[in-house]
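The sequence shown begins at 1 in the UniProt record's numbering and counts up by one. Just so you know, even glycine gets a beta-carbon here, dropped at the ideal spot from N, CA and C.
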Amino acid sequence: MILSVDIYSRNTWWKVAFLGFCLVVGIFSLYFTDKIVSKLEEREKQQIELYAESLKYTMTSDPNQDVNFFFEKIKKSNENNTIPIIHKDGTGYLTAKNIEMPEGLSSDEKQAFLQKELQEIIRDDNPPIELDMTLHKEYIYFGNSRLLDLLRYYPLFQLAVVLVFGLAAYLFFDASRRSEQNQVWVGLAKETAHQLGTPLSSLTAWVEFFKNDPTYDPEIVKELEKDVTRLDIITTRFSNIGSIPVLKPENIIETIETFMSYLQKRISTKVVFSLDNQLNQRNTVNVNRYLFEWVIENICKNAVDAMGGVGSLKITLSETKNNKIAIDIKDSGKGISKQNLSKVFNPGFSTKKRGWGLGLTLAKRIIENYHDGKLFVKQSELNKGTTFRILLDA
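Here it is in structure tokens:
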């Protein structure tokens with residue numbers, strides 16, 4: 001469909017939205033980072049306080065002094081409320097700390113639950129602490145704390161934000177570029193139609209003058225009138241492409257036959273035209289006749305150039321399985337190389353020395369933007385020919 005939103009006319013809105021998005025991302029990132037830093041600051045403060053207390057004790061302690069208070073202070077300073085721990089004794093019995101356990105479980109069910117939690121903790125790749133007791137060994141398994149998980153995954157979150165931000169910026173600037181291209185196309189088309197209008201009116205008047213003067217050959221005047229009519233059609237094309245074109249039901253067979261009849265008299269007689277209609281009484285399609293003829297003309301003229309003025313050009317109409325009208329334009333020309341297949345519709349691309357590289361670009365734009373259809377290279381083989389396919393809603 002035609003881009004209905006003119007980005008440039010809403011430039012201020014886009015700027016405000018873009019700035020708002022940046023502010024939200026920035027504020028959230030700062031808040032999240034500040035929370036983590038605060039927790040780290042608190043933990044580091046506790047460690048420094050413990051270091052200071054231990055240094056003080058070492059310097060002032062009495063060998064006979066009760067040291068229980070010091071160990072209590074160490075225990076309190078390093079009190080763990082976040083790291084999940086499972087203790088496995090010599091018999092294999094499990095006890096846990098900082099692991100939420102469902103209520104109402106029996107002793108066996110608790111052991112089964114802790115076994116599952118133990119497997120989850122082992123996946124954190126933290127080696128267990130081995131306690132070498134007198135008669136047996138016991139193990140302390142521990143997982144990652146919530147804080148550590150936050151620190152571990154925060155860079156991934158930031159990367160995701162950057163990717164989303166980058167994607168949004170890309171889509172914005174891509175839409176801006178497309179909008180600019182639309183404006184260039186529309187402006188050029190309107191100006192061309194305007195420039196053609198004045199000389200066309202004069203030519204029409206001269207044709208009427210020649211028709212009323214018996215000294216001029218009627219056949220020459222008739223052909224001249226056809227060319228003037230053709231110029232009028234071209235002007236109408238540019239006028240339509242410079243605005244939203246009106247689509248209406250047209251007999252697709254009649255439209256193509258009329259154009260082929262006109263083109264056949266103006267190209268090499270060594271090019272053989274043929275039309276194969278495989279449609280089952282579904283000849284009417286919603287198109288803008290002037291623009292649709294322009295598409296057929298561009299593809300056919302490219303085909304004639306590819307054949308060097310000698311060969312066959314066949315247009316086949318058929319109905320696809322998904323209820324689409326397919327129009328295949330097949331030539332016996334030199335074909336398209338694989339490296340050029342993806343470029344044939346790019347603006348400015350042409351294999352002809354004097355080509356502008358706009359014919360197929362314009363054709364694709366008319367079919368896909370104005371008619372909601374598809375235009376693509378169905379098949380191409382070097383030195384054997386190329387088939388372009390147009391798909392339209394039936």
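Along the chain, where does the alpha helix (DSSP H) that runs through residue 139 open and close?
-> Where residue 139 is concerned, there is no enclosing alpha helix (DSSP H), although the beta strand (DSSP E) it sits in stretches over 137-142.
Would you check if the region 277-287 and the region 319-329 touch, i.e. whether three or more CB-CB distances between them fall below 8 Å?
-> They touch, by the three-pair rule.
With DSSP as the reference, label residue 272 as helix, strand or coil.
-> Residue 272: strand per DSSP, three-state reduction.
Going straight from the alpha carbon of residue 55 to that of residue 132, what length do you get?
-> Residue confidence is low: residue 55 scores 47 on pLDDT, short of 50, so the model does not pin down where it sits. No coordinate-derived value is stated.
Quick one: grab the DSSP three-state call for residue 177.
-> In this structure, residue 177 counts as helix in the three-state DSSP scheme.
Alpha carbon of residue 358 to alpha carbon of residue 309, nearest angstrom = Their backbone Cα atoms lie some 21 Å apart in a straight line.
Contact set for residue 13: own chain, Cβ-Cβ below 8 Å, skip 5 residues either direction = Excluding positions up to five away in sequence, the list is empty.
How do the region 336-348 and the region 219-237 stand: do at least 3 beta-carbon pairs fall below 8 Å, yes or no?
-> Under the three-pair Cβ rule at 8 Å, the region 336-348 does not count as touching the region 219-237.
Cα-Cα separation, residue 87 to residue 166 = CA-CA distance, residue 87 to residue 166, rounds to 47 Å.
Which residue from 226, 291, 213 puts its Cα closest to that of residue 204?
-> 226 is the residue among 226, 291, 213 whose C-alpha sits nearest the C-alpha of residue 204.
Which class does residue 251 belong to by DSSP, given the choice of helix, strand or coil?
-> Secondary structure of residue 251 (DSSP, three-state): strand.
Report the residue from 102, 107, 83, 103 whose alpha carbon sits nearest the alpha carbon of residue 405.
-> Because residue 405 is not part of the residues shown, which for the chain are 1 to 394, the question remains open.
Check whether the Cβ of residue 154 lies closer than 8 Å to any Cβ atom in chain D.
-> You won't find chain D in this structure, because it holds only one protein chain.
Starting from residue 389, follow the beta strand (DSSP E) in both directions and report where the run begins and ends.
-> Boundaries of the beta strand (DSSP E) around residue 389: 385-393.
Cα separation between residue 199 and residue 192?
-> Whole-angstrom Cα-Cα distance: 12 Å.
Which residues bound the beta strand (DSSP E) around residue 311?
-> That run of the beta strand (DSSP E) goes 311-319.
Locate the alpha helix (DSSP H) running through residue 358, then write down its first and last residues.
-> Taken as a continuous stretch (DSSP letters only), residue 358 belongs to no alpha helix (DSSP H), as it is neither H nor E.
Starting from the C-beta of residue 245, find all residues in its chain whose C-beta is less than 7 Å away, skip the five residues before and the five after it, and write them out in chain order.
-> Correct list, in chain order: 288, 291, 370.
Quick one: what's got a C-beta closer than 8 Å to residue 17's C-beta in the same chain, skipping five residues either side?
-> Same-chain partners within the cutoff: there are none.
Do you know how far the Cα of residue 145 is from the Cα of residue 39?
-> Spanning the alpha carbons of residue 39 and residue 145 requires a straight line of approximately 12 Å.
Are the region 258-274 and the region 204-216 touching by the rule of at least three beta carbon pairs closer than 8 Å?
-> Judged by Cβ distances under 8 Å, the region 258-274 makes no contact with the region 204-216, as fewer than three pairs qualify.
Through-space distance from residue 197 to residue 363, alpha-carbon basis | Between the alpha carbons of residue 363 and residue 197 lies a distance of about 23 Å.
Quick check: the region 154-162 against the region 94-105, are there 3 or more CB pairs under 8 Å?
-> Too few Cβ pairs lie closer than 8 Å, so no.
What first and last residue would you give for the alpha helix (DSSP H) that runs through residue 117?
-> For residue 117, the uninterrupted alpha helix (DSSP H) segment begins and ends at 107-122.
In angstroms, rounded to a whole number, what distance separates the CA positions of residue 385 and residue 27?
-> Take the alpha-carbon of residue 385 and the one of residue 27: they are about 60 Å apart.
Just grab the DSSP bridge partners of residue 87 for me.
-> Partner(s): 95, 140.
Limits of the unbroken alpha helix (DSSP H) element including residue 302 = Counting along the chain, residue 302 sits inside the alpha helix (DSSP H) bounded by residues 289-307.
With distances taken between CB atoms, is the gap from residue 300 to residue 329 smaller than 8 Å?
-> Yes; because the gap between Cβ atoms is below 8 Å, this pair is in contact.
Those residues which DSSP pairs with residue 379 across a bridge | In DSSP, residue 379 forms a bridge with 387.
Classify residue 171 as helix, strand or coil using the three-state DSSP reduction.
-> DSSP places residue 171 in helix when its eight states are reduced to three.
Quick one: residues in its chain with C-beta nearer than 8 Å to the C-beta of residue 151, no 5 flanking neighbours on either side, listed in chain order?
-> Contacts found: 36.
Closest by C-alpha distance to residue 394, when choosing among 374, 232, 172 = It is 374.
Where residue 265 falls: helix, strand or coil (DSSP) = Reduced to three states, the DSSP call for residue 265 is coil.
Confirm, please, whether the CB-CB distance from residue 247 to residue 325 is below 8 Å.
-> The Cβ-Cβ distance between residue 325 and residue 247 does not fall below 8 Å.
Hey, could you find the ends of the beta strand (DSSP E) residue 341 is sitting in?
-> Residue 341 -> not in any beta strand (DSSP E); alpha helix (DSSP H) instead, spanning 338-341.
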